[in-house]
Amino acid sequence: MPDVTGRFDGARVLADLNALRSIGTYKSGVHKPTFSQAHMRSLEWLAQRLPDAGLAATIDGIGNVFGRTTKAGPKLLAGSHLESQNHAGWLDGPLGVIYALEAARVINSDPDARGAVEVAAWCDEEGHFGNFLGSRSYAGAVTEIDIDAARDRNSDRTMREALREVGLAGRERLHAEPGRHVGYLEAHIEQGETLESSGLKIGVVTSIVGIWQYRITFTGEQNHAGTTRMAIRKDAGLALARFCVAIDDSFPALCGQRTVWTTGRITLEPGAPSIIPGRAEMLFQIRDDDPNVIERLEAHLRRMAADVTAQGRCSIEVERLRTGVPATMSAAFQDAIEAAGADFAGGKSIRMPSGAGHDAQILATIMPSAMLFVPSIGGISHHWTENTADADIVTGARVFVETCRRLLAQ
6 MPDVTGRFDG
16 ARVLADLNAL
26 RSIGTYKSGV
36 HKPTFSQAHM
46 RSLEWLAQRL
56 PDAGLAATID
66 GIGNVFGRTT
76 KAGPKLLAGS
86 HLESQNHAGW
96 LDGPLGVIYA
106 LEAARVINSD
116 PDARGAVEVA
126 AWCDEEGHFG
136 NFLGSRSYAG
146 AVTEIDIDAA
156 RDRNSDRTMR
166 EALREVGLAG
176 RERLHAEPGR
186 HVGYLEAHIE
196 QGETLESSGL
206 KIGVVTSIVG
216 IWQYRITFTG
226 EQNHAGTTRM
236 AIRKDAGLAL
246 ARFCVAIDDS
256 FPALCGQRTV
266 WTTGRITLEP
276 GAPSIIPGRA
286 EMLFQIRDDD
296 PNVIERLEAH
306 LRRMAADVTA
316 QGRCSIEVER
326 LRTGVPATMS
336 AAFQDAIEAA
346 GADFAGGKSI
356 RMPSGAGHDA
366 QILATIMPSA
376 MLFVPSIGGI
386 SHHWTENTAD
396 ADIVTGARVF
406 VETCRRLLAQ
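For the sequence shown, the residue numbers in the numbering used here are 6 to 415.
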């Protein structure tokens, strides 16, 4: 097979990424919540450029952008997402979309290349309205009832309202066509410091963690902060604080090597300095690529809650909000990434699990899938200071294009 990476243009990759960065700019990052004006402008920007890669562009009824071809031969699907977390980084998502666009430009224009790359930009990977709604819709895992129930976490706007406001109401949602693609490939910044700290250029993702999320509610007794003696208080806020410390004290003996847990939000009611909280709530998350580990930790969490409740001062309820099944990446695709890294990244690659969730874990339920990581400076992500060196971006893009060529040639 010809080395189609000879048509690769690293300067074009950087220019495309910076063009997207100029839409919805916030400091050195971006602010592009799902269905915001900046997000929709980014979708239109991509749709206008897909024909340059020999692809017909479609924005479907849930906000996914697709670039599809009529070219004969095997087809590889590649992409990521274009919306961002609030006031966050410029590469989380767009890097994978632009890599896919570059691969399509290079491979689809080469008459000697086998097959073609098709491009996808999945909507709402960042979860402003729900859990991977765009890629899950494509995989057939989102119903109309799910869309009716989805609400914007920032404004409580319904997804139906948002779709109507941005002109997508009534459009068909596109679904995967069985057998159309040999698989799915996604690139992303690492969002950690493993690659940078080890002097490596490419992460070959082996698996993507499952994410279990919980609402833990503490019910005590609201009362006056000045007249209620300490000995008789039923302070829900204090119960929550002690519970958080107990989690950190006890989980290490039960967790796996890469298990992480986070209390991401705490609310106290009524939330006044002169009132003892009668109710408190924490949103809690556990991540691991082994479901057995998370099940063990959840059982422990529920025992802890039962023990505190049995003491009679405050009651605790543990409600599971979300279960994300871990995904194993295709072994053959991992081999292709590693081989491409040997050719174009000096073999400076490592196989590693992903501690963050990605659309690839949804695509992995319906086709062979894989991910490629590039270094993150300082391991920072989900913040406007997120960045990757230009040279690392270009190296990653070249490895991505070569990986696509290898996968289509198999």
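All C-beta atoms in this analysis are idealised placements derived from N, C-alpha and C, irrespective of residue type, glycine included. Since the model is a prediction, treat every value here as computed from it, not as a measurement.
Is the beta carbon of residue j closer than 8 Å to that of residue i?
i, j, result
"Pro358", "Val209", "no"
"Gly34", "Trp389", "yes"
"Pro79", "Glu201", "no"
"Ser203", "Ile382", "no"
"Glu195", "Phe378", "yes"
"Ile67", "Ser47", "no"
"Leu81", "Gly188", "yes"
"Leu138", "Ala155", "yes"
"Asp157", "His133", "yes"
"Glu226", "Gly317", "no"
"Pro331", "Val214", "yes"
"Ala285", "Thr272", "yes"
"Glu303", "Arg220", "no"
"Ala77", "Ala109", "no"
"His186", "Met372", "yes"
"Leu368", "Ala144", "yes"
"Asp364", "His86", "yes"
"Glu391", "Trp50", "no"
"His387", "Ala181", "no"
"Ala375", "Ser320", "no"
"Phe71", "Leu179", "yes"
"Gly98", "Glu149", "no"
Checking the sheet assignment: what are the DSSP bridge partners for residue i?
i, result
"Ala93", "Val35"
"Gly72", "Ala62 and Val124"
"Asp293", "Gly215"
"His86", "Trp127"
"Trp266", "Ile291"
"Leu235", "The question names Leu, yet the displayed sequence has Met at residue 235. Its beta-bridge partners do not exist; DSSP assigns none."
"Ala375", "Leu190"
"Gly208", "Ile355 and Phe378"
"Thr222", "Glu286 and Glu322"
"Glu274", "Arg284"
"Leu25", "Its beta-bridge partners do not exist; DSSP assigns none."
"Asn228", "Ile281"
"Arg156", "Thr163"
"Thr30", "Val35"
"Leu81", "Val122 and Gly188"
Please return the same chain residues whose Cβ sits closer than 6 Å to the Cβ of residue i, not counting the five positions on each side in sequence.
i, result
"Ala167", "Phe40"
"Thr333", "Ser212"
"Lys32", "Trp389"
"Gly261", "Asp293, Asp295 and Val298"
"Ser279", "Ala230"
"Arg141", "Val147 and Ile367"
"Arg12", "Val111"
By Cβ distance below 8 Å, which residues in the same chain neighbour residue i in space, the five residues on each side in sequence not counted?
i, result
"Ile112", "Val9, Ala118, Gly120, Ala121, Val122, Val406, Cys409, Arg410 and Leu413"
"Arg327", "Asn136, Ile216, Trp217 and Gln218"
"His305", "Ser255, Phe256 and Leu259"
"Ile103", "Val18, Asp21, Leu22, Leu25 and Ala402"
"Gly346", "Lys206, Ile207, Val209, Gly352, Lys353, Ser354 and Val404"
When the Cα atoms are used, what is the spatial distance from residue i to residue j?
i, j, result
"Ala344", "Ala258", "38 Å"
"Asp397", "Ala350", "9 Å"
"Trp266", "Arg292", "6 Å"
"Gly84", "Glu191", "5 Å"
"Asp14", "Glu107", "8 Å"
"Gly184", "Ala52", "24 Å"
"Val147", "Thr370", "14 Å"
"Arg176", "Ser114", "30 Å"
"Gly384", "Thr264", "18 Å"
"Leu55", "Asn69", "14 Å"
"Ala361", "Ala236", "43 Å"
"Pro275", "Thr163", "26 Å"
"Thr400", "Ala315", "58 Å"
"Asp65", "Ser89", "19 Å"
"Ile281", "Cys249", "19 Å"
"Thr74", "Ala105", "14 Å"
"Asp153", "Arg165", "6 Å"
"Asn159", "Ile342", "38 Å"
"His36", "Cys128", "15 Å"
Within 8 Å of any Cβ in chain D, is that where the Cβ of residue i sits?
i, result
"Met357", "This model lacks chain D altogether, as it is built from one protein chain only."
Taking 7 Å as the cut-off, is the CB of residue i close to at least one heavy atom of the ligand COA?
i, result
"Pro373", "This structure simply doesn't include the ligand COA, nor any ligand for that matter."
Going by beta carbon distance, what residues of the same chain come within less than 7 Å of residue i, once the five residues before and after it are set aside?
i, result
"Leu245", "Phe223, Ile271, Ala285 and Met287"
"Gly269", "Leu288 and Gln290"
"Asp340", "none"
Is there contact here, the region 235-251 with the region 293-303, by at least three beta-carbon pairs under 8 Å?
When Cβ pairs closer than 8 Å are counted between the two stretches, the region 235-251 is seen not to touch the region 293-303, the count staying below three.
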